[in-house]
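Peer 1: Line by line, the protein sequences are chains A and B. Counting in our numbering, the first sequence runs from 1 upward without gaps. Counting in our numbering, the second sequence runs from 262 upward without gaps. Once you've had a glance at the structure underneath, I'll fire off some questions.
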Amino acid sequence: MRPLLGRILWEHRVRLPLIGLFALAWGFLIVTFYAYADTTTQTNFGPEQIRTALRIFGGNWLAIWVGLGAAHPLLLAASCVIACGTAVRSIAGEIEGGTLELVLSRPVERTRYLAAYLVFVLAALAGIAALYGAGAYAAWLIVHPDPGSLSGASLARASLCLALLLWAIAGYSLLCSAFARERGRALGLATGLTIGLFAWNFLASLVGTLAPFARISPWYWFNPSPVLAGGAFPYGDALVLGGVAAVCCVAATVQFLRRDV
Amino acid sequence: MPNAISTSGLTKSFGSTRALDGLDLSVKVGEVHGFLGPNGSGKTTTMRIALGLLRADAGTVQVLGADPWRDREHRRRVGYLPSSPRFYERMAGSRLLAHLAALGGAPAILRDELCARLGLSAADLARPVGTYSRGMRQKLAIVQALQHDPELCVLDEPSEGLDPLVQEAFFAVLRERKRAGRTILFSSHVLSEVDALCDRVSLIRAGEIVDTRTLAELRAGRPRIVRVRSSAPLALPDCDLLESADGWQRYAARGDVKVLLAALATAPIDDVTIEDASLEDIFLGYYRDAP
């Protein structure tokens with residue numbers, strides 16, 4: 001598995017540090033911007049329904065900001081380069097590129113091949129989530145915004161929630177890849193699902209009649225703000241997101257073991 | 262002599278298209294086996310099943326005594342050159358060769374020699390593969406397939422894109438590998454290279470092997486080609502008319518040469534040439550009447 005991992009790391013030698021740096025800077029900027037914003041800006045943003053929903057989680061606006069930063073489309077887009085892009089490349093991308101036959105004509109087990117990609121994707125996404133938390137924590141230590149508070153432990157727990165969300169995205173992207181022959185088709189499907197499910201969750205939070213159906217979106221199960229405000233770790237949400245990731249990865253592996261390349 | 266590759270009743274379909282239809286192939290250890298057939302006849306599918314990349318719908322296949330779909334250890338002893346090979350484009354050639362050797366788990370004992378003989382310089386190998394020409398990619402593909410001196414080489418149209426000088430160097434490498442006891446299965450459209458390299462050939466048509474013979478057997482059974490200039494088609498004994506154009510007719514003659522000459526002596530002809538059939542004529546004979 002080491003040569004495979006080495007090659008995947010080499011391919012991401014520029015991309016991954018850049019995304020990591022962005023996550024770090026994004027976390028730092030969210031807290032810094034909050035620190036220098038006036039009270040109105042700190043507490044008055046987005047549609048009324050969203051603000052109302054957020055207030056349910058308590059009055060720690062800094063926690064809400066950092067939680068929103070974690071679910072922001074910019075961070076999501078950067079993370080999806082790995083969560084969707086690399087996961088899709090692992091099977092459909094390498095089949096289309098003609099490189100998978102070179103690898104699998106050697107004594108490389110398909111499970112090991114896929115495991116190398118999974119190890120990379122899961123670790124990279126966990127790293128991105130951790131860097132976001134680290135950036136926010138660094139800013140908290142430096143600028144000490146007021147009002148609000150953050151702790152290293154709550155940021156670590158929130159980062160784990162973010163990692164679980166990204167793993168779920170990577171899981172269904174891998175599943176798309178396992179069933180496709182063309183990278184473009186798999187990537188289109190995975191990206192479309194990600195954007196659609198994100199938008200669906202947002203829409204469902206605005207329109208009351210849609211609210212019960214928000215559960216089909218992974219974002220419904222991603223609520224870092226209460227954790228950041230010192231609440232208990234949401235084991236139920238984590239189980240759903242982790243379960244989606246695990247089931248999708250297992251299904252993708254089964255399909256990959258059976259399919260022609 | 263044991264078989265390096267043996268398939269029996271191999272069947273494979275892609276949707277409604279039947280690529281292989283009960284294919285029986287045997288490649289003996291130590292031979293150079295040519296695999297010939299028109300485009301879409303099933304050559305690449307057979308090779309990819311033999312490498313465990315595709316799963317057969319029915320039938321059995323053994324490669325170096327192993328089931329290629331289930332087993333993987335035997336692949337250390339196999340080298341594969343795909344048709345139209347593609348690589349990691351941003352990787353330098355040397356890095357790619359090292360990576361593929363590491364995946365293969367066998368030392369690349371022939372890499373330097375092969376690079377030198379095929380004309381891949383250190384400067385070439387330092388460049389990303391994406392900058393390579395078609396010919397250089399093919400050379401790289403040959404090196405990656407043979408660098409670990411595999412017992413069995415599966416080469417899918419290996420000389421595509423090579424210039425004549427490099428082709429000759431490549432054929433010399435294959436002859437050396439054969440002398441070293443290695444088995445080579447290669448598909449080709451170029452009959453001259455089949456003639457130059459192969460011990461036996463298998464001809465495939467519409468997913469079935471239509472004939473497997475040694476080149477000596479093929480040559481022994483080949484017809485004479487009789488070219489006659491005449492104003493009208495002739496009825497020559499044991500001759501099949503191949504084509505007629507510009508006042509010349511070409512016949513494939515299989516019978517007794519004395520009877521043929523006697524018939525020609527009395528026929529209304531202006532000119533005649535008689536020559537051995539080329540391998541091309543023999544192979545085309547298998548496919549001329551194909552559905």
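Every residue gets a Cβ at the ideal spot worked out from N, C-alpha and C, and that includes glycine. What you are looking at is a predicted structure, and each value in this text was computed from that prediction instead of being measured.
Got a sec: is the Cβ-Cβ distance from H343 (chain B) to anything in chain A below 7 Å?
Peer 2: Numbered from its first residue, the second sequence carries residue 343 (chain B) at position 82. Here residue 343 (chain B) is Pro; the residue named in the question, His, does not match the sequence. Chain A contact via Cβ: present.
Peer 1: In the segment 106-139 of chain A, which residues sit with their C-beta less than 7 Å from some C-beta in chain B, listed in chain order?
Peer 2: Listed in sequence order: R106, P107, V108, E109.
Peer 1: Can a CB atom of chain E be found closer than 7 Å to the CB of P17 (chain A)?
Peer 2: Of the protein chains in this structure, namely A and B, none is chain E.
Peer 1: Please give me, in chain order, every unbroken run of the beta strand (DSSP E) with length at least 3 that falls completely inside the segment 167-226 of chain A.
Peer 2: Counting only runs of 3 or more, we get nothing.
Peer 1: Compute the Euclidean distance between the alpha carbons of D472 (chain B) and D417 (chain B), then round it to the nearest angstrom.
Peer 2: Residue mapping note: residue 472 (chain B) aligns to position 211 of the second sequence, counting from 1. Residue mapping note: residue 417 (chain B) aligns to position 156 of the second sequence, counting from 1. Distance between the alpha carbons of D472 (chain B) and D417 (chain B): 19 Å.
Peer 1: Pick helix, strand or coil for L330 (chain B), following the three-state DSSP scheme.
Peer 2: Within the second sequence, residue 330 (chain B) is the residue found at index 69, counting from 1. First, the amino acid is wrong: residue 330 (chain B) is Trp here, not Leu. Correct three-state label for W330 (chain B): coil.
Peer 1: Taking L458 (chain B) as the reference, give the member of B:Y512, B:F544, B:L476, B:R372 with the closest Cα.
Peer 2: Start at 1 with the first residue of the second sequence, and residue 458 (chain B) comes out as number 197. If we check each option's Cα against that of L458 (chain B), B:L476 comes out closest.
Peer 1: Return the CA-CA distance between G208 (chain A) and L16 (chain A), expressed in angstroms with no decimal places.
Peer 2: Locating residue 208 (chain A) in the first sequence gives position 208, counting from the first residue. Locating residue 16 (chain A) in the first sequence gives position 16, counting from the first residue. Computed Cα separation, rounded: 39 Å.
Peer 1: Put H450 (chain B) into one of helix, strand or coil per three-state DSSP.
Peer 2: For this step, residue 450 (chain B) is matched to residue 189 along the second sequence. In this structure, H450 (chain B) counts as coil in the three-state DSSP scheme.
Peer 1: Quick test of your reading: L271 (chain B) and L284 (chain B), contact by CB under 8 Å. State the CB separation rounded to the nearest angstrom.
Peer 2: Taking the second sequence and counting its residues from 1, one reaches residue 271 (chain B) at position 10. Taking the second sequence and counting its residues from 1, one reaches residue 284 (chain B) at position 23. Correct: roughly 4 Å between the Cβ atoms.
Peer 1: Report yes or no: do the segment 477-490 of chain B and the segment 308-323 of chain B share at least 3 C-beta pairs separated by less than 8 Å?
Peer 2: The segment 477-490 of chain B vs the segment 308-323 of chain B: no contact.
Peer 1: Once DSSP output is grouped into helix, strand and coil, what is the label at A136 (chain A)?
Peer 2: Working through the first sequence from its first residue, we reach residue 136 (chain A) at position 136. Helix at A136 (chain A).
Peer 1: Report yes if the CB atom of F256 (chain A) is closer than 7 Å to the CB atom of A178 (chain A), and no otherwise.
Peer 2: Within the first sequence, residue 256 (chain A) is the residue found at index 256, counting from 1. Within the first sequence, residue 178 (chain A) is the residue found at index 178, counting from 1. In contact: F256 (chain A) and A178 (chain A) (Cβ atoms closer than 7 Å).
Peer 1: Pairing CB atoms from the segment 68-80 of chain A with CB atoms from the segment 366-378 of chain B, are three or more of them under 8 Å?
Peer 2: Output reads no: the segment 366-378 of chain B does not touch the segment 68-80 of chain A.
Peer 1: Against chain B, with Cβ distances strictly below 7 Å, would T32 (chain A) count as a contact?
Peer 2: Indexing the first sequence from 1 puts residue 32 (chain A) at position 32. Cβ-Cβ to chain B under 7 Å: no for T32 (chain A).
Peer 1: Kindly list the residues whose CB is nearer than 6 Å to the CB of G442 (chain B), restricted to its own chain and excluding five residues on each side of it in sequence; keep chain order.
Peer 2: Start at 1 with the first residue of the second sequence, and residue 442 (chain B) comes out as number 181. Around G442 (chain B): G291.
Peer 1: For Y235 (chain A), count neighbouring Cβ atoms within 10 angstroms of its own Cβ and tell me buried if that reaches 16, exposed if not.
Peer 2: Mapped onto the first sequence, residue 235 (chain A) falls at position 235. The residue is exposed, with fewer than 16 neighbouring Cβ atoms inside 10 Å.
Peer 1: Identify whether Y349 (chain B) lies in helix, strand or coil by the three-state DSSP scheme.
Peer 2: Here residue 349 (chain B) refers to the residue found at position 88 when the second sequence is read from its first residue. Coil.
Peer 1: If we ignore side chains and look at the alpha-carbon of each, how far apart do Q323 (chain B) and A265 (chain B) end up?
Peer 2: Within the second sequence, the letter at position 62 stands for residue 323 (chain B). Within the second sequence, the letter at position 4 stands for residue 265 (chain B). When rounded, the distance between both Cα atoms is 8 Å.
Peer 1: Starting from the beta carbon of E101 (chain A), find every residue of chain B whose beta carbon is closer than 7 Å, and list them in chain order.
Peer 2: Within the first sequence, numbered from 1, the residue matching residue 101 (chain A) stands at position 101. Near E101 (chain A) (Cβ distances below 7 Å), the residues of chain B are L314, P343.
Peer 1: Is P3 (chain A) close to chain B? Criterion is C-beta to C-beta, closer than 7 Å.
Peer 2: Position 3 of the first sequence, counting from 1, holds the residue named residue 3 (chain A). It does; some Cβ of chain B falls within 7 Å.
Peer 1: Spatial neighbours of P389 (chain B) within its chain, please: C-beta separation below 7 Å, excluding the five flanking residues on both sides.
Peer 2: Numbered from its first residue, the second sequence carries residue 389 (chain B) at position 128. Result list for P389 (chain B): E350, R351, M352, A353, in chain order.
Peer 1: Run through chain B and tell me which residues come within less than 9 Å of G98 (chain A), C-beta to C-beta.
Peer 2: As a working note, residue 98 (chain A) is residue 98 in the first sequence. Near G98 (chain A) (Cβ distances below 9 Å), the residues of chain B are P343, S345, P346, R347, F348.
Peer 1: Say whether the segment 156-169 of chain A touches the segment 179-189 of chain A, bearing in mind that this needs 3 or more beta-carbon pairs closer than 8 Å, one atom from each stretch.
Peer 2: Short answer: they don't touch.
Peer 1: If I'm right that R338 (chain B) touches P411 (chain B) with Cβ under 8 Å, what's the distance once you round it to whole angstroms?
Peer 2: In the second sequence, counting from the first residue as 1, residue 338 (chain B) sits at position 77. In the second sequence, counting from the first residue as 1, residue 411 (chain B) sits at position 150. Contact holds; Cβ gap of about 6 Å.
Peer 1: Which residue spans inside the segment 434-502 of chain B form an unbroken alpha helix (DSSP H) run of at least 4?
Peer 2: If we require 4 residues or more, the alpha helix (DSSP H) runs fully inside the segment 434-502 of chain B come out as 452-458, 476-481.
Peer 1: Quick test of your reading: A524 (chain B) and L497 (chain B), contact by CB under 8 Å. State the CB separation rounded to the nearest angstrom.
Peer 2: Residue mapping note: residue 524 (chain B) aligns to position 263 of the second sequence, counting from 1. Residue mapping note: residue 497 (chain B) aligns to position 236 of the second sequence, counting from 1. Indeed they touch by this definition, with Cβ atoms about 5 Å apart.
Peer 1: Checking contacts by CB at 7 Å: is D260 (chain A) closer than that to chain B?
Peer 2: As a working mapping, residue 260 (chain A) is identified with position 260 in the first sequence. Yes, its Cβ sits closer than 7 Å to a Cβ of chain B.
Peer 1: State whether the segment 104-113 of chain A contacts the segment 188-198 of chain A, with contact taken as three or more CB pairs (one from each stretch) at a distance under 8 Å.
Peer 2: Counting Cβ pairs under 8 Å, fewer than three are found: no touch.
Peer 1: Go ahead and pull the three-state DSSP assignment for V288 (chain B).
Peer 2: Reading the second sequence from its first residue, position 27 is the one you call residue 288 (chain B). Of the three classes helix, strand and coil, the one that applies to V288 (chain B) here is strand, per DSSP.
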